[in-house]
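Undergrad: Okay, here's the structure, questions in a sec.
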DNA sequence: ATGTTATCCTACAATTTTAGTAGACTTTTA
DNA sequence: TAAAAGTCTACTAAAATTGTAGGATAACAT
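Chains as they are written, first to last, in this note's numbering: chain A, 113 to 248; chain B, 113 to 248.
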């Protein structure tokens, strides 16, 4: 399951997606409208900024903006930044690979199955974007 | 990601799958051969038994057996017993559904996407079985 | 009957992760 | 230079994870 933090991140990002191309959006605005704890949201937006997904401006009139179009931000990328690996096992993760102990990766049956599962999940999450999450 | 407990469960189940139709297998045997902490493994096998996946026999000559053929035990079932929900959000879970706060399920875009992702993942995990994890 | 072998059950505990909070600091604008 | 924003570091409470300990119970052999 996705952490609460990740769900907050998605809600904040969709909010920003709806303001794409407009003036920066303040943390406090997102916090109130999306009902996300302010100080927690600070961390989240900062993480997303460090991952180059957002840009920010300080001072009056400042706030956050998406750095690229909502259609170019896929869901897998967001999940990886905030939530971590998408794969069900570390040894099948593309971005967070870790060797599993006591198993031979070439023959491990568990690994084979989790590879297939990962591919199926990823096919969706890498294709769908923030834009697909926006309600018209 | 699957918890370590779930990975242990799969390893134990594959071990039992390889002994399907044979004499019961002792916890201690599985513990040693699969390198799973004994007392932790006790809990795991007990959970699986309560979920009607295993049968057990006490006393000398006792141990555990799969209750049904490895081909009839799909991976989604195991994950749900030991790990919990497969869906990425509680509000899209078939077996662990929980209403999400502050969102209208009919229109929520995040929910729509996670439904599609869940279906893709589930299609694999419900089709693949313990048998598929066994190495010939 | 009784001892041995195995599972079953309840409780506890250390560690890690999650979900936040607090407060000072920096930058931008008016 | 004051106000309005984001930035940064540190801390904390609660929950989940990953186990351990020890006795109770059941089956079997002798």
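Backbone N, C-alpha and C fix where the C-beta goes; we use that ideal spot for every residue, glycine too. Keep in mind the model is a prediction, meaning the values are calculated, not measured.
Note down, in chain order, every chain A residue with its Cβ under 8 Å from the Cβ of residue 244/B.
TA: Chain A residues near residue 244/B: 221, 224 and 225.
Undergrad: Give me the Cα-Cα distance between residue 220/B and residue 244/B, rounded to the nearest whole angstrom.
TA: Distance between the alpha carbons of residue 220/B and residue 244/B is about 36 Å.
Undergrad: Consult DSSP for residue 175/A and reduce its assignment to one of helix, strand or coil.
TA: The answer is strand: DSSP assigns residue 175/A an E or B state.
Undergrad: Round the Cβ separation of residue 241/A and residue 187/A to the nearest angstrom and send it over; I've been treating them as touching at under 8 Å.
TA: With a Cβ gap of about 7 Å, residue 241/A and residue 187/A count as contacting.
Undergrad: Do you know how far the Cα of residue 201/B is from the Cα of residue 223/B?
TA: In a straight line, the C-alpha of residue 223/B is about 8 Å away from that of residue 201/B.
Undergrad: Note down, in chain order, each residue of its chain lying with its Cβ closer than 8 Å to the Cβ of residue 136/B, except the 5 sequence neighbours on either side.
TA: Same-chain partners within the cutoff: 168, 169, 173, 174, 175, 176 and 177.
Undergrad: Leaving out the 5 sequence neighbours to the left and right, which residues in its chain are closer than 8 Å to residue 196/A when beta-carbon positions are compared?
TA: Hits under 8 Å: 208.
Undergrad: Determine the burial state of residue 204/A: buried for a count of at least 16 other Cβ atoms within 10 Å of its Cβ, exposed for fewer.
TA: Residue 204/A comes out buried.
Undergrad: First and last residue of the alpha helix (DSSP H) that includes residue 94/B?
TA: Here chain B covers residues 113 to 248 and nothing more, so residue 94/B does not appear.
Undergrad: Determine the burial state of residue 152/A: buried for a count of at least 16 other Cβ atoms within 10 Å of its Cβ, exposed for fewer.
TA: The residue in question, residue 152/A, is exposed, as its Cβ has fewer than 16 Cβ neighbours within 10 Å.
Undergrad: Can a CB atom of chain B be found closer than 8 Å to the CB of residue 138/A?
TA: It does not: the Cβ of residue 138/A has no partner Cβ on chain B nearer than 8 Å.
Undergrad: Residue 225/B: which of 228/A, 227/A and 191/A sits nearest, CA to CA?
TA: Closest by alpha carbon: 191/A.
Undergrad: So, using beta-carbon positions, are residue 232/A and residue 189/B closer together than 8 Å?
TA: Not closer than 8 Å, so no.
Undergrad: Is the CB of residue 228/B under 8 Å away from at least one CB in chain A?
TA: At least one chain A Cβ lies under 8 Å of residue 228/B.
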